[in-house]
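Per my numbering: the sequence shown = residues 25 to 191. In this text, a Cβ means the ideal position worked out from N, Cα and C, and glycines have one as well. The structure appears below as structure tokens.
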Amino acid sequence: PIQLMSFKKSQIKSIHCYYWQSFVLTNDGLVYSWGFNDCCSLGHDLDINEKIFEPKLIDISNVISVCSSEYNTYFLTNEGLIYFCGKFKDENNRELYQKIPKQLVTETKIISLHSIPYYQKLNSIASAVTEDSVYVIIRNKILETVFKTVFDFYSVFNMTLKTIDIK
25 PIQLMSFKKS QIKSIHCYYW QSFVLTNDGL VYSWGFNDCC SLGHDLDINE
75 KIFEPKLIDI SNVISVCSSE YNTYFLTNEG LIYFCGKFKD ENNRELYQKI
125 PKQLVTETKI ISLHSIPYYQ KLNSIASAVT EDSVYVIIRN KILETVFKTV
175 FDFYSVFNMT LKTIDIK
């Protein structure tokens with residue numbers, strides 16, 4: 025292991041890793057990413073599959089949470105808005121890439137994001153939680169589920185939700 029010097033002046037709130045990608049969320053709501061830019065999901069204006077070896081600041085602020093799914097990275101802001109970057113399909117079913125974070129259209133105020141590793145299919149499922157519902161994010165569409173809490177939603181996958189806080 026080597027110490028990353030990029031964060032000497034920042035206080036790290038959380039670290040999020042997904043396959044060949046790493047994200048650091050600072051206490052002041054900034055996000056840095058590095059790794060393999062698979063499907064343009066690192067949040068930078070770079071070519072698909074380009075590699076970033078040093079943490080690079082993403083052009084987004086007020087972030088409180090980061091999560092990933094099969095082809096995308098999602099960022100939740102203090103305002104309850106979700107931004108995404110990565111692969112998506114347009115209205116004509118063409119595959120496109122959103123390189124820098126773009127807001128998902130929803131009238132629902134989200135309070136937390138979660139990512140569930142789904143090893144049987146070698147991907148993960150992104151979920152968004154409001155005060156009284158759980159939503160899944162599929163192809164950058166926020167779809168309501170029948171579940172009222174994230175604990176009920178996780179139980180379908182025979183998992184328990186555990187949170188690790190960095191202090």
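Taking a contact as a CB-CB distance under 8 Å, the pair Thr169 and Phe175 does not count as one, their CB atoms being some 13 Å apart. Per DSSP, Tyr98 is not a residue of any alpha helix (DSSP H); the beta strand (DSSP E) it occupies stretches across Asn96 to Thr101. Looking at Ile72, Ile76, Gly67 and Val87, the one whose alpha-carbon comes closest to that of Thr50 is Val87. Under DSSP, Leu81 forms a beta bridge with Tyr56. Counted as a single uninterrupted DSSP element, the beta strand (DSSP E) harbouring Val158 occupies residues Val158 to Ile162. The beta carbon of Lys172 sits closer than 8 Å to the beta carbons of Asp156, Ser157 and Val158 from its chain, once the five residues preceding and following it are set aside; these are given in chain order. Looking at the DSSP output, Phe175 sits in no beta bridge, so it has no partner there. Under the three-state reduction of DSSP, Ser30 is assigned to helix. Between the alpha carbons of Asn73 and Asn61 lies a gap of roughly 5 Å. Where His40 is concerned, the enclosing beta strand (DSSP E) starts and stops at Ile36 to Tyr42. Here Gln127 is exposed. Its C-beta has fewer than 16 other C-beta atoms within 10 Å. With 16 or more other CB atoms across the displayed protein chains lying within 10 angstroms of its CB, Trp58 is buried.
The continuous beta strand (DSSP E) containing Lys111 extends over residues Ile106 to Lys113. Within the DSSP bridge table, the entry for Leu49 names Ser38 and Val55 as partners.
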